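The structure appears right after this line, and notes come after that.
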Amino acid sequence: MKLFGTSYAALCHDFPSKLIHLSSHYRQAGFDVRRLALHHTLLGYFLALQPAGMADEILRRVIGGSMPSIKMRLGITASRVGGHHPLKACSECVNRDADAVGFAYWHVEHQYPSTMACARHARPLFIAWDPVTPVHRRGWLLPEGGLPWERIEIPVRDDRQLDQLIRLAEFSDRWAASEPAKFDPQRLAACYQRGLRDRGLATAGGSLRIKNLIGEIRQRYRGIEDITGFEALNSITPDWAGLIGSVARRSPRHAHPLKHLLMIALVYDTWEDFERSYRAENTSPVGHSEFVLEAQNLASDLAALVRGTELSISAAARRLGISTTTATQIARRTGLTFTPRRKLIKGRRMQQGKRPLVSSTAVAPEVM
Ligand SMILES: [Zn+2]
């Protein structure tokens, strides 16, 4: 209550709210509310991929008040990756912090959904598992002390796998440090297509070499996808071909940053390689931002697009920077008549594969 003016704001460790209260009541601390929002919660990780108008609107709302629908607006709720973000820590960081400052604390760079290792100490993280959702907790989970939680170690098979996880952690950190709206899905898709070709994982014509791809990915992340809290990976691994198809196709679907990061780590050896390649892509970003109006007006924006311009529900959703699932939910709730999306998505690439793994992606959810 003292920090944020409400009793729940500090319990939600993944996304901020009421930051203006914090900064105005503790002026001597000199908090930069934008920096707090972007770099001390998961928000920066998600806003890097949002259209500029949407990112500004979300920032404005979490600084001034709260945004209960934030996970829905960021497409997390509709994504198969899931919206539960269990707290994670590195044993060595915990010990060092206790020695250095007298107590252990959670490090934001360990909390990204795609981070499973401490890059500083080159060791896997552990998960502080608590099945209770943050808003229903009666206090704070802490690395030492606080409410009880179950410790789950992230198992790593060998040094090679650990190296991959460390690289993924480093990439996640760089991604989250990017400015809001830094990445455009279409430019990213163009990057991935070129990167996959360069690595011999796709043909010049754009067909994916599925067998090689699956082999490479399985080797990297095998065994980790079964961990509690990483259902995220488990939801993707049976469908790697679908993942790659969804983020690397010419009109990419909205995807969770975790999937982009897996893709970037697959295609590029270093973050600098990726950034160079991204800068070189001259596909001009397709701005949805002119369609992104006030967040509260989402339902009326959607209605205007579907009725006024006769866009399909999925095309309207793309313009608004939200998932089709979310748009469908809003349409149903507000009684908006729309043409249901087609269930079968048969990309050229998907049809070329003969393996069951590939054909299973023919029925693909809109948000992956
Ligand atoms: Zn550490």
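First residue of the sequence shown? That's 940 in our numbering, and the numbers climb one at a time after it. Just so it is clear, CB atoms sit at the ideal spot from N, CA and C, and this is done for glycine as well. These numbers come from a predicted model, not from an experiment.
DSSP places L1080 within a strand segment (E or B) once states are collapsed to three. Looking at the DSSP output, A1056 sits in a beta bridge with P1063. Those residues that have a beta carbon less than 7 Å away from any non-hydrogen atom of ligand 1 are, in order along the chain, C1029, E1031, C1032, C1057, R1059, H1060, R1062. In this chain, the alpha helix (DSSP H) harbouring K1010 covers 1009 to 1012. In this structure the segment 968 to 978 does not lie against the segment 1010 to 1022, because fewer than three pairs of beta carbons, one per stretch, are closer than 8 Å.
In the structure shown, W1088 falls within a coil segment according to DSSP collapsed to helix, strand and coil.
Residue pairing by DSSP puts W1068 in a beta bridge opposite E1089.
At a Cβ-Cβ threshold of 7 Å, A1204 and L1101 do not count as neighbours.
Remark: C-beta atoms of G1084 and S1262 do not approach each other more closely than 7 Å. Measuring C-alpha to C-alpha distances from I1066 to each of G1162, L1080, V1074 identifies L1080 as the nearest. A distance below 7 Å separates the beta carbons of A1255 and L1241.
From the listed residues Y1051, T1072, G1004, D953, the smallest Cα separation to P1196 is found for Y1051. Spanning the alpha carbons of C1032 and H979 requires a straight line of approximately 17 Å. When C-alpha distances from I1163 are compared across R1000, I1091, Q967, A1037, the shortest belongs to I1091. 7 Å or more divides the Cβ of L981 from the Cβ of C1029. DSSP places L1140 outside both helix and strand once states are collapsed to three, so it counts as coil. Annotation: the continuous alpha helix (DSSP H) that includes A991 extends over 991 to 1003. If you draw a straight line from the Cα of F970 to the Cα of V1245, it comes to about 42 Å.
For L1026, the enclosing beta strand (DSSP E) covers residues 1026 to 1028. In the three-state scheme derived from DSSP, where H, G and I count as helix and E and B as strand, L1275 is classed as coil. Looking at the DSSP output, L1107 sits in no beta bridge, so it has no partner there. Here DSSP, grouped into helix, strand and coil, assigns L1250 to coil.
By the C-beta criterion, the segment 1069 to 1080 is judged not to be in contact with the segment 1130 to 1141, since fewer than 3 inter-stretch pairs fall below 8 Å. Straight through space, the alpha carbons of Q967 and Y1207 are spaced by roughly 44 Å. In the three-state reduction of the DSSP assignment, L942 falls in the coil class, being assigned neither a helical nor a strand state. T1265 and S946 have their C-alpha atoms spaced approximately 28 Å apart.
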